[in-house]
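Student: In my numbering, the protein residues as written are 1 to 209. Virtual Cβ for every residue (Gly too), placed ideally from N, Cα, C.
(1) In three-state DSSP terms, what is residue 18?
(2) Where do the N-terminal and C-terminal ends of the alpha helix (DSSP H) with residue 56 fall, by residue?
(3) Can you tell me where the alpha helix (DSSP H) with residue 109 in it begins and where it stops?
(4) So, using beta-carbon positions, are residue 170 and residue 37 closer together than 8 angstroms?
(5) Suppose you measure from the CA of residue 107 to the CA of residue 115; what does that come to, to the nearest Å?
(6) Counting only the same chain and skipping the five closest in sequence on each side, list residues whose C-beta sits under 6 angstroms from that of residue 85.
(7) Distance, Cα to Cα, residue 199 vs residue 112?
(8) Tell me whether residue 140 sits in a helix, a strand or coil according to DSSP, three-state version.
(9) In whole angstroms, what is the alpha-carbon distance linking residue 5 and residue 151?
(10) For residue 23, name the three-state secondary structure that DSSP assigns.
(11) Indicate whether residue 18 and residue 161 have their beta-carbon atoms separated by less than 8 angstroms.
(12) When you compare only the Cα positions, how much space is there between residue 56 and residue 186?
(13) Could you tell me if residue 217 is buried or exposed, where buried requires 16 or more neighbouring beta carbons within 10 angstroms of its beta carbon?
(14) Using 10 angstroms around the beta-carbon of residue 83, count the other beta-carbons present and answer buried if the total reaches 16, otherwise exposed.
(15) Secondary structure at residue 176, three-state DSSP: helix, strand or coil?
(16) Can the beta-carbon of residue 158 be found closer than 8 angstroms to that of residue 23?
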């Protein structure tokens with residue numbers, strides 16, 4: 001792949017990554033709740049790693065072309081987001097968490113992050129609709145190698161941005177408990193709203209079809 005194509009992909013991808021959504025909401029929530037945002041971001045990236053592997057294997061096209069699979073993925077992802085958002089609203093951020101609690105919940109935090117990105121149908125559409133525009137099947141690189149590179153660039157961009165978002169949320173709000181609770185509740189509400197929107201959008205598509 002030539003550098004111009006890679007640069008063009010990064011420009012478009014960064015615009016998408018910088019758009020607040022469920023990943024941002026989870027990174028902010030984790031930054032306010034936990035001693036480190038790394039487990040949460042690692043979980044989010046793990047979800048995208050799964051999509052990258054599917055894309056490299058060519059399975060993304062098969063899944064994305066199945067209305068039933070997309071509907072099932074959307075319902076599962078929307079329900080999961082709404083469930084997590086309700087949990088955040090019920091338990092606002094507590095900035096003073098013990099090391100023991102953090103250690104015991106690190107795996108759970110990662111799993112939640114992987115669930116958020118892995119069950120997000122928008123990620124599937126991203127890999128299905130965006131990647132092919134930057135892949136040259138007649139180029140010198142195999143299609144799988146080009147797909148793997150684009151997936152790696154996307155995951156790197158997500159890791160950098162989400163880490164910055166989580167750390168910034170914790171740094172700015174660490175001395176403002178009331179503001180931290182407000183931001184956490186907004187993050188939870190965002191998860192519920194995004195989940196509801198994804199569910200309504202997919203169900204509407206099914207009715208129209």
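Tutor: Walking through what the data contain:
(1) On the chain shown, position 18 is the one that residue 18 refers to. Of the three classes helix, strand and coil, the one that applies to residue 18 here is coil, per DSSP.
(2) Position 56 of the chain shown, counted from the start, is the residue given in the question as residue 56. Where residue 56 is concerned, the enclosing alpha helix (DSSP H) stretches over 38-57.
(3) Against the chain shown, residue 109 aligns to sequence position 109. Here the alpha helix (DSSP H) through residue 109 covers 99-118.
(4) Taking the first residue of the chain shown as position 1, residue 170 is located at position 170. Taking the first residue of the chain shown as position 1, residue 37 is located at position 37. Their beta carbons are under 8 angstroms apart, which means residue 170 touches residue 37 by this criterion.
(5) Translated into the one-based positions of the chain shown, residue 107 becomes position 107. Translated into the one-based positions of the chain shown, residue 115 becomes position 115. The straight-line gap from Cα to Cα measures roughly 12 angstroms.
(6) Along the chain shown, one-based indexing puts residue 85 at 85. Excluding sequence neighbours, residue 85 sits near 188, 191 and 192.
(7) In the chain shown, the residue the question calls residue 199 occupies position 199. In the chain shown, the residue the question calls residue 112 occupies position 112. Rounded to whole angstroms, the separation of the alpha carbons of residue 112 and residue 199 is 19 angstroms.
(8) Your numbering for residue 140 matches position 140 in the chain shown. If DSSP states are grouped into helix, strand and coil, residue 140 belongs with coil.
(9) As a working note, residue 5 is residue 5 in the chain shown. As a working note, residue 151 is residue 151 in the chain shown. About 14 angstroms.
(10) Numbered from 1 along the chain shown, position 23 holds the residue referred to as residue 23. Helix at residue 23.
(11) Locating residue 18 in the chain shown gives position 18, where the first residue counts as 1. Locating residue 161 in the chain shown gives position 161, where the first residue counts as 1. Taking 8 angstroms as the Cβ cut-off, residue 18 and residue 161 qualify as a contacting pair.
(12) Translated into the one-based positions of the chain shown, residue 56 becomes position 56. Translated into the one-based positions of the chain shown, residue 186 becomes position 186. The straight-line gap from Cα to Cα measures roughly 36 angstroms.
(13) Past the edges of the chain, shown from 1 to 209, lies residue 217, and the structure says nothing about it.
(14) By one-based count along the chain shown, residue 83 stands at place 83. Exposed, since its Cβ has fewer than 16 Cβ neighbours within 10 Å.
(15) Position 176 of the chain shown, counted from the first residue, corresponds to residue 176. It is coil, neither helix nor strand.
(16) Position 158 of the chain shown, counted from the start, is the residue given in the question as residue 158. Position 23 of the chain shown, counted from the start, is the residue given in the question as residue 23. Cβ distance < 8 angstroms, so residue 158 and residue 23 count as in contact.
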